[in-house]
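Reading through the structure tokens given below for one structure.
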Amino acid sequence: MNSTLSKREILKKAFITLIAMLGYGGWAFYSNSPANGDIELQEIAFRAGIIQGGYSGILTLTNIILLEAVLKHLNNHLTVNFNMVATIIVASAAQYAIIIPVHLANDTPNILITLLPGFIIGTTFSFAYLLSIKNKYY
């Protein structure tokens, strides 16, 4: 297998990363925006959006790389279905070990609401992504 990424693979990963930044950052801003328009709380919501969007982009790209690496590493040790489950668990644990402390440090008021859509979408994305690449390894 050629370890060099094609231009198409790079653009695909860049596009996925951009979508993650905009989607997760926008959700974090929306879910933390105060209904009463309080400026101080609006600033916290804005920071939450910037933080969530920025690290969502970084973590999405890292997640794609991690998914591929773990799937490849475990392909001789587990059946494809167990490998996919184990890969998603490892990747999710690594991400949320970073994500939760960042929001705690920011004093994000609604951490669960902020992260829940990302967890659901991210887990679904990870599963779909693994389905799309599993034939490289099995």
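The sequence shown begins at 7 in our numbering and counts up by one. Here a beta-carbon is modelled for each residue, glycine too, at the ideal position from N, C-alpha and C.
Inset, instruction - Tell me whether the beta-carbon of Ser-98 lies closer than 9 Å to the beta-carbon of Ser-138. - result: no
Inset, instruction - To the nearest angstrom, report how far apart Ala-41 and Val-108 are at their CA atoms. - result: 24 Å
Legend entry - Three-state secondary structure (DSSP) of Ser-39: coil
Legend entry - Buried or exposed by the 16-neighbour rule on C-beta atoms within 10 Å, applied to Tyr-36: exposed
Inset, instruction - Under 6 Å Cβ to Cβ from Ile-25, same chain only, skipping five residues before and after it: list those, please. - result: none
Legend entry - Cβ-Cβ distance between Pro-115 and Ile-50 below 9 Å: yes
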